[in-house]
Amino acid sequence: MADYLVKLSHVAFAYGNRPPIFSDLNLELETNLKAGLIGGNGSGKSTLLQIITGLIKPKAGEIGLFGKIRRTEADFREGRLQIGFVFQDSNDQLFCPTVGDDLAFGPLNLGKSRAEADQIALETLALLRLEGFRDRATYGLSDGEKKLVAIGSALAMRPKFLILDEPTNCLDDETRDRVIEILLACGLPYLIVAHDKNFLEKVARQRFRLKNGQIEALT
Amino acid sequence: MSSELAPDQTPFDDGLTDSKAFLTRVDPRVKIIATLIWSILAASLENLAAAGLALGGALLALPFASWSFRNLAKRLSTINFFFLFMWLTLPFSFSTPGQALGAIGPLKVTLEGLTLAALLTLKGNAIVIAVIAVLGSSPLYVLAAASRSLRCPEKLVNLFLLAVRYLQIMFMEYARLRKAMRARGFKLNFSRNALNGAVFLIGSLLVRSFDRAERVHKAMISRGYKGVVWVRTDFTLQRRDFVFSLVSLFLLALIALGGFWWRII
Amino acid sequence: MHISEGVLSLPVLLSGAALTTFGVALGLRRIGDENLPKTAVLTATFFTASFIHLNVGPSSVHLMLNGLIGLMMGWVAFPIVLIGLLIQGLLFQYGGLTTLGVNTFNVAGPGVLVGLLFHKAIYGPDTTKSSIFSFMAGFLAIALTALLVCVALLLTNPVNYKVAALTILASHVPVMFIEGAVALLVVRFLKKVKPELLVDPKWANK
């Protein structure tokens, strides 16, 4: 079984010709991770999440996922499909016309049949307590509903690891509590970027801080 | 012409499609095929009576889509603005020997010109009203799903689905930019200042859309995107679809007969 | 300027549909899976931008931007314009189904043409050259669109549509200058703000 969830060694990255965000980043995340990641604006939190999933290729260094070093795009794709990535802006994540289509998108790409994918979509809606939302048009949802569906679309992939980029931005208290409930109940390891201290206190057992291109564990 | 959209307005009124209306519940595949045949037939009509009949047929469909008169009038204003233009030019510009009805100043008004203007108006409205009633009663993504199962090129359907989804998002970006500009006193008159305002709007929208597209692509490949935007296409024909088809066929035959009959005489 | 339903003859409508089918097929072949989201979001953006109106005297001009679309997207302009007009037709009834082919060709065709002709000069480092050619791209694209509208009308009815066709052509002369100026300034804006958007889109222009 995988002895680590994520392993970064000597990772360096910069956008274009701008000053580097990371020059020698090392990080190992264990399989029972329940962690929060904090850091100032522009410290590279979102970039880090994308490097982990291979959405951004670093200039140097090695990336391991689920106990296996990943090099090619095919390697990363295989790893990425086991990660549920919840993006900062739900409007980027929900690109299908209806809620049901969005929840079925991942499962269908994983090779599930239409019936299986629809079944997963319904189960996910029940989990989110959004029963009856299957045929709702995505653009008619409230921000809170969009965030829940976005989380659902990640969970529908039946991932082994969840990554959430600022999931509680602009959410009302009720939806925020729903997100906390879902996270605590999902039984999956997760890494959450958040500013909201109160939220992190409830969901994170470990905390990391990203500062000056380095990661430090907070106790 | 269409007036500029207010900053907080988007062109999406999904509330306009009444899910209980008969035409909304008809199979969208049947509706697309029927509207296509209807449009081509109506476009090829050459006499007033048949065109009038076509307009009547199209109007007949309206109550089954539960369209309010106000919304309909708004939607019909653009095309009829064009026809107004034709009414203003055609009657005076008929150069084949026409039957002069009278004159306004130096301009001769011909019967043929008036007839042609009337024919265009009837045909155009017959087509557009049918589109509004029959296709307009389904949300765009349902029509897209239906065209996929009618063997429309898959890539085109994918493109359509994503474009429709991001239309609303880009409108929100547009509205935000407009508000910010308005707060700084911008008006879009054709002055140097206004031109720069429009350019700033377009340029910023383009920059934002590229950034947005990159993020969307990442979100898509994170969920295993392989070139398909899946939508549910589980349509099954019901009895109401046969009723709709029969009525459509009857109307089509009637209008075709009208057109044909009058051409012989 | 889009031609309304009911005005053109069947042969003209069918020819337009055939030309558009050809252009759309060429355009679609150039869109890889990885470029699909980008093309879709840009379609939405150009659609949104076409709602920008500039008031000229008593009347108001809405921007078509087909020169710019052609410059940035090459042959992909065809599917972009087709989808834009289709959505316009379905949501606002600016057009319908039978005129879709003709109208798409009238708008996208000139865009693709100026894109293929001028994109190298415009993407190049020479600022003056780039400005001149981007103005020409915007200007010519609209001029050719107006001309094609006239041709479609005259092919339908060479005698009686003459006045209408000439009026449309004449009324578009100011629009040509506006679109030229807008294309010039938008290209300049993009070169300053995000120059990577104006690199040769090989996938589109091939």
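Protein chains in written order, with this note's numbering: chain L, 79 to 297; chain V, 73 to 337; chain D, 211 to 416.
No residue lacks a Cβ here, since even glycine has one placed at the ideal position from N, Cα and C.
Here the structure is a predicted model, which is why all the values come from computation and not from measurement.
{"Query": "Candidates L:Ala-272, L:Gln-292, L:Phe-277, of which the one nearest Phe-165 (chain L) by Cα", "Result": "L:Ala-272"}
{"Query": "Short-range partners of chain V found in the segment 301-334 of chain D, where Cβ spacing is below 9 Å", "Result": "Leu-301, Phe-302, Gln-303, Tyr-304, Gly-305, Gly-306, Leu-307, Thr-308, Thr-309"}
{"Query": "Inside the segment 140-199 of chain V only - beta strand (DSSP E) runs reaching at least 3 residues", "Result": "172-176, 179-182"}
{"Query": "With 16 other Cβ atoms within 10 Å as the buried cut-off, status of Ala-193 (chain V)", "Result": "Before going further, note that residue 193 (chain V) is Thr rather than Ala in the sequence given. Per the 10 Å Cβ criterion, buried."}
{"Query": "Ser-281 (chain V) at chain D interface by Cβ criterion, 8 Å", "Result": "yes"}
{"Query": "is_contact[Trp-159 (chain V), chain L] using C-beta, thresh 8 Å", "Result": "no"}
{"Query": "Other residues of its chain near Ala-234 (chain L): CB distance less than 7 Å, five sequence neighbours each side excluded", "Result": "Leu-181, Gly-184, Pro-185, Ile-198, Ala-199, Thr-202"}
{"Query": "Buried or exposed by the 16-neighbour rule on C-beta atoms within 10 Å, applied to Val-271 (chain D)", "Result": "buried"}
{"Query": "Residues of its chain near Ser-209 (chain V), where Cβ-Cβ distance is below 7 Å and the 5 sequence neighbours each way are ignored", "Result": "Thr-89, Ala-93, Leu-95, Thr-96, Ala-137"}
{"Query": "Proximity below 8 Å, CB of Ser-281 (chain V) to CB of Val-397 (chain D)", "Result": "no"}
{"Query": "Nearest residue (CA-CA) to Asp-170 (chain L), options L:Asp-221, L:Leu-208, L:Arg-158, L:Ala-152", "Result": "L:Asp-221"}
{"Query": "Among L:Pro-98, L:Ser-121, L:Phe-144, L:Gly-94, nearest to Glu-131 (chain L) - alpha-carbon criterion", "Result": "Here residue 131 (chain L) turns out to be Thr, not Glu, going by the sequence shown. Minimum Cα distance to Thr-131 (chain L) is reached at L:Phe-144."}
{"Query": "Closest residue to Gly-216 (chain D) among V:Glu-118, V:Ile-104, V:Val-98, V:Lys-103 (Cα-Cα distance)", "Result": "V:Glu-118"}
{"Query": "Under 9 Å by beta carbon: chain V residues contacting Leu-223 (chain D)", "Result": "Ile-112, Ala-115, Ser-116"}
{"Query": "Extent of the continuous beta strand (DSSP E) to which Asp-255 (chain L) belongs", "Result": "That residue, Asp-255 (chain L), is in no beta strand (DSSP E); its alpha helix (DSSP H) goes 251-264."}
{"Query": "Run of the beta strand (DSSP E) containing Tyr-474 (chain D), from where it starts to where it stops", "Result": "Residue 474 (chain D) lies beyond the stretch modelled for chain D, which goes from 211 to 416, so this question has no answer here."}
{"Query": "Straight-line Cα distance separating Leu-103 (chain L) from Leu-212 (chain V)", "Result": "47 Å"}
{"Query": "Residues bridged to Asp-170 (chain L) [DSSP beta-bridge criterion]", "Result": "Beta-bridge pairing links Asp-170 (chain L) to no other residue."}
{"Query": "Three-state secondary structure assigned by DSSP to Leu-234 (chain V)", "Result": "helix"}
{"Query": "Whole-angstrom distance between Met-274 (chain D) and Phe-343 (chain D), CA atom to CA atom", "Result": "18 Å"}
{"Query": "Whole-Å CB distance - Arg-287 (chain V) paired with Thr-216 (chain L), under 8 Å assumed", "Result": "Actually they do not touch by this definition, with Cβ atoms about 16 Å apart."}
{"Query": "Close-in-space but distant-in-sequence residues of the same chain around Leu-191 (chain V) (CB under 7 Å, 5 per side omitted)", "Result": "Leu-120, Ala-123"}
{"Query": "Within-8 Å CB hit, Leu-207 (chain V) to chain L", "Result": "no"}
{"Query": "Inter-stretch contact (C-beta, 8 Å, three-pair minimum) for the segment 303-323 of chain D and the segment 106-116 of chain V", "Result": "yes"}
{"Query": "Test item: CB-CB of Val-177 (chain L) and Arg-212 (chain L) under 8 Å", "Result": "yes"}
{"Query": "Outcome for Ala-282 (chain L) when other beta-carbon atoms lying within 10 angstroms are tallied against a minimum of 16", "Result": "buried"}
{"Query": "For Val-217 (chain D), the three-state DSSP class (helix, strand or coil)", "Result": "coil"}
{"Query": "Proximity to Lys-190 (chain L) [Cα-Cα], best of V:Phe-322, V:Gly-296, V:Leu-234", "Result": "V:Gly-296"}
{"Query": "Chain D residues whose Cβ lies nearer than 7 Å to that of Asn-143 (chain V)", "Result": "Neighbours of Asn-143 (chain V) on chain D: none; closest Cβ ~11 Å, over 7 Å."}
{"Query": "Within the segment 356-387 of chain D, ranges of the alpha helix (DSSP H) (whole runs, at least 4 residues)", "Result": "372-381"}
{"Query": "Sequence-distant residues of the same chain with beta carbon closer than 7 Å to Val-359 (chain D), five excluded per side", "Result": "Met-211, Ile-213, Asn-316, Ile-378"}
{"Query": "CB contact check: Ile-293 (chain D) to chain V, cutoff 8 Å", "Result": "yes"}
{"Query": "Buried/exposed call for Ser-165 (chain V), threshold 16 Cβ in 10 Å", "Result": "buried"}
{"Query": "Proximity below 8 Å, CB of Leu-233 (chain V) to CB of Pro-98 (chain L)", "Result": "no"}
{"Query": "Sequence-distant residues of its chain with Cβ nearer than 7 Å to Gly-117 (chain L) (five each side left out)", "Result": "Lys-123, Arg-287, Leu-288, Lys-289"}
{"Query": "Stretch pair the segment 241-260 of chain D + the segment 316-329 of chain D: three plus CB contacts closer than 8 Å", "Result": "no"}
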